[in-house]
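J.: Residues are numbered in my numbering as their position in the sequence shown, beginning at 1, plus a constant of 42. The beta carbon of each residue, even a glycine, is placed where N, CA and C say it ideally should be. Right, I'll just put the structure down here and ask away after.
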Amino acid sequence: MDSSHYGMETIKELILDYLATMQLQSKGVSSPMPTQVQMNGVDLASEGMAVLKGSSANAPVFLFVGLQGVGKTSIAKSIASSMNRKFIRVSLGAIGDVRTLRGTPRYSIDGEPGQIIKALIRCGTMNPVILLDEIEKSSGNAGLLNDVMATLLEILDPEQNATFVDHYIDYPVDLSNVFFICTANNLGGLSAALLDRVEVIRFTSYSDEEKEVIARQYILPKVLENLHLTTDHVKIEDDVWPLIIRPVGFDAGIRQLERNITTLVRSAARRIIEGNQFPIVVNSSNLNEFVLPDQGPLS
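Quick look at the structure:
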């Protein structure tokens, strides 16, 4: 997790605490804790944490709360990778009908499984990490709020999810081995019963200093690699980073930052293809040359 996420130390520690508790509940205090972890030095995929790859009956349900682009989904993917489990995202934004979760009876013209069963089918396993994205928007219609919240509670509650009935299958399906993670931009619209079941972890906005480190150490290398380039081909001078990080005001996340860097590197790549000598050096004087017209100037 450290290799893919800068900072977030408090969040990483909280997640590690919860996962360590899972091991104690499943294997007892006498079982030695792992000596290596892929998150703050602990290898969740090691033999000592094999329980995390199997049953999730005692697993907490994380609810990551924060603005868009602050790393909620990517942290969830890292958890799945650390546990050697398959990962799948289920978007719950304005689902509009509880049947989206519960499925439609097979005898109906539009009969099909719900999103949870579909996710299990796509994964081909009964113990994936399933990300329920934007659960605060899942009700869509205010009149459906109670039904949607009740269904989500049944899916997430270990006292109920071992016998979850999808209307298409019409037979109890055991969801107790699924590791559920939820995300929300805020807690509005979520029932008290659902909030009582989840472990809320709040994601704060990135500072400009954190964004610069992320841009230099994570985003730029990834973008260069995707385009089969290196820092021998494209160099960004130090005085340019503040202009890239905050071109049009404050942004809590890093999505716009990643788009800006991708646009810049693509523009540099075109110059290389056109025969310009590399490295292509980006500085405060020529920065605007690397920005598409419809995005406006960065400085």
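#1: How would you label residue 191, buried or exposed, when you count the other beta carbons within 10 angstroms and need 16 or more for buried?
#2: So what does residue 104 bridge to, in DSSP terms?
#3: Report back the beta-carbon spacing between residue 296 and residue 111 to the nearest angstrom; my notes put them in contact at under 8 Å.
#4: Might you give, ordered along the chain, the residues of its own chain that have their beta carbon closer than 8 Å to the beta carbon of residue 324, omitting 5 neighbours on each side?
#5: Write down the C-beta distance between residue 177 and residue 232 rounded to the nearest angstrom, noting that I regard them as a contact closer than 8 Å.
#6: For residue 61, name the three-state secondary structure that DSSP assigns.
#7: Under 8 Å, with one C-beta from each stretch per pair, do the stretch 147-157 and the stretch 105-121 reach the 3-pair mark?
#8: Please confirm whether residue 225 and residue 129 have their CB atoms less than 8 Å apart.
#9: Suppose you measure from the CA of residue 89 to the CA of residue 271; what does that come to, to the nearest Å?
#10: Could you check how far apart the C-beta atoms of residue 173 and residue 257 are, in whole angstroms? I think they sit under 8 Å.
#11: From which residue to which residue does the beta strand (DSSP E) around residue 263 run?
#12: In or out: residue 102 buried (at least 16 other Cβ within 10 Å) or exposed?
#13: DSSP has residue 277 in a bridge; who is on the other side?
#14: How about residue 251: is its Cβ closer than 7 Å to a heavy atom in the ligand SAM?
#15: My understanding is that residue 315 touches residue 322, with C-beta atoms under 8 Å, so please give their C-beta distance in whole angstroms.
#16: So residue 198 packs on residue 222, CB below 8 Å; how close in whole Å?
#17: For residue 234, count neighbouring Cβ atoms within 10 angstroms of its own Cβ and tell me buried if that reaches 16, exposed if not.
#18: Quick one: give me the first and last residue of the alpha helix (DSSP H) that residue 177 is part of.
#19: Go ahead and pull the three-state DSSP assignment for residue 77.
#20: Between which two residues does the alpha helix (DSSP H) carrying residue 147 extend?
#21: If you count every other CB in all the chains shown that lies within 10 Å of the CB of residue 57, and 16 or more means buried, which is it?
#22: Can you tell me the Cα-Cα spacing of residue 54 and residue 148, whole angstroms?
T.: Answer, in terms of the structure:
#1: buried
#2: Partner(s): 223, 241.
#3: 6 Å
#4: 276, 277, 278, 279, 282, 306, 310, 332
#5: 7 Å
#6: helix
#7: no
#8: no
#9: For residue 89, the pLDDT reaches just 33, beneath the cut-off of 50, and the residue's location in the model is therefore unreliable, leaving the point undetermined.
#10: Not quite, the Cβ-Cβ distance comes to about 25 Å (not below 8 Å), so this is no contact.
#11: That residue, residue 263, is in no beta strand (DSSP E); its alpha helix (DSSP H) goes 262-268.
#12: buried
#13: Assignment of beta-bridge partners to residue 277 by DSSP yields 323.
#14: As far as ligands go, the structure on display features none, and thus does not contain the ligand SAM.
#15: Contact doesn't hold; Cβ gap of about 11 Å is too wide.
#16: Yes, residue 198 and residue 222 are in contact; Cβ-Cβ is about 6 Å, under 8 Å.
#17: exposed
#18: Here residue 177 belongs to no alpha helix (DSSP H), and DSSP marks it neither H nor E.
#19: Because residue 77 carries a pLDDT of 42, less than 50, the predicted location of this residue cannot be relied on, and the following value inherits that uncertainty. Coil, per DSSP.
#20: Taken as a continuous stretch (DSSP letters only), residue 147 belongs to no alpha helix (DSSP H), as it is neither H nor E.
#21: Burial call: buried.
#22: 43 Å
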